[in-house]
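Numbering (the working numbering), first residue to last: 1 to 205. Report on the structure given below.
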Amino acid sequence: MKKNGNLIVISGPSGVGKSTLVKRAMAELPDLKFSVSCTTRAPRDGEADGVAYHFLSESEFNTRLENNEFLEHATVFKNHYGTLKSEVTDRIAAGEEVILDIDVQGARQIRKAAESDPVIRNAAQFILIAPPDLPTLARRLAGRNSENAEQLDLRIAAAAGELRNFRIYDYLIINDELEKAAGELISVLKSIRLRTANIQEELFQ
Ligand code: 5GP
């Protein structure tokens with residue numbers, strides 16, 4: 001059966017365990033393609049260029065911005081992030097399933113793009129990963145030891161803002177227990193594949 005593409009937008013505050021959940025889902029559903037974003041932030045330990053992100057200088061990022069190469073872009077914690085059209089557009093048109101790990105500003109821009117682009121409208125589904133509560137998130141972030149105190153405060157304040165916008169997403173997954181949240185995410189992704197909007201051909205003619 002011929003399928004249309006899916007554009008899975010996943011957001012969630014930094015420290016919520018989103019990348020772990022996305023990795024689990026990708027291991028279970030190998031057809032999911034991760035959209036590698038551009039960023040001006042420095043790589044963390046273990047983050048390879050072109051795999052975790054395309055790590056760009058400010059001027060490289062601005063050149064791509066001027067060339068209109070981004071489907072969406074935002075400034076998050078003083079760094080620039082953007083989704084390349086080349087990671088998404090052709091793939092979903094070809095019926096593939098692309099997953100974007102982006103913040104709430106980016107999710108809003110994809111919602112907006114969907115208004116005028118029927119391929120995006122048909123494909124886009126929005127999932128928010130949330131912590132059980134903000135103190136738990138603060139503890140998890142501090143334990144990660146990858147941000148300084150100022151960055152930690154910024155991320156906790158941003159988290160509260162992001163979570164208040166939960167209704168712009170179609171699905172909410174609370175990551176209180178990793179196995180349970182991973183199972184829920186995989187179930188949501190499998191259900192998304194069963195949408196009638198996903199079927200390209202006319203059936204039962
Ligand atoms: P981190 O620096 O911790 O990898 O990501 C910080 C935040 O930026 C996360 O919320 C992540 O989802 C978001 N982010 C990563 N890539 C993009 C992107 O291409 N666009 C937008 N809007 N946000 C992104």
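Think of the CB as a built atom: it goes at the ideal place given N, C-alpha and C, for glycine as much as any other residue. Since the structure is predicted, the reported quantities are computational estimates derived from the model, not experimental observations.
Assign residue i to buried or exposed, taking buried as 16 or more other Cβ atoms, counted over all protein chains shown, within 10 Å of its Cβ.
i: Gly-17; result: buried
i: Gly-106; result: buried
i: Asn-67; result: exposed
i: Arg-155; result: buried
i: Gly-161; result: exposed
i: Phe-204; result: exposed
i: Gly-46; result: exposed
i: Leu-137; result: buried
Give me, in chain order, the residues of the same chain whose beta-carbon lies closer than 6 Å to that of residue i; leave out the 5 immediate sequence neighbours on both sides.
i: Arg-24; result: Ala-182
i: Ile-173; result: Ile-129, Ala-181, Glu-184, Leu-185
i: Ile-120; result: Ala-113, Ala-114
Going along the chain, which residues of its own chain have a beta-carbon closer than 8 Å to the beta-carbon of residue i, five neighbours each way excluded?
i: His-54; result: Val-36, Ser-37, Cys-38, Thr-39, Leu-84
i: Asp-49; result: Pro-43, Phe-55
i: Lys-190; result: Leu-29
Within a Cβ cutoff of 7 Å, which residues of the same chain sit near residue i, ignoring the five residues on either side of it in sequence?
i: Ala-124; result: Leu-7, Val-9, Ile-110, Ala-114
i: Arg-91; result: Gly-5, Lys-33, Val-98
i: Leu-152; result: Leu-141, Ala-142
In the DSSP assignment, find the unbroken beta strand (DSSP E) run with residue i in it and report its ends.
i: Asp-90; result: Where Asp-90 is concerned, there is no enclosing beta strand (DSSP E), although the alpha helix (DSSP H) it sits in stretches over 85–93.
i: Ala-52; result: It is not in any beta strand (DSSP E) - Ala-52 carries neither H nor E in the DSSP assignment.
i: Val-98; result: 97–101
The alpha helix (DSSP H) spanning residue i covers which residue range?
i: Glu-58; result: 58–66
i: Val-104; result: 104–116
i: Val-22; result: 18–28
Can you round the beta-carbon distance between residue i and residue j to whole angstroms, since I take them to be within the 8 Å contact cut?
i: Tyr-171; j: Ile-127; result: 5 Å
Quiz prompt | Uninterrupted beta strand (DSSP E) stretches inside the segment 142–191 (no shorter than 3 residues) | solution = 171–174
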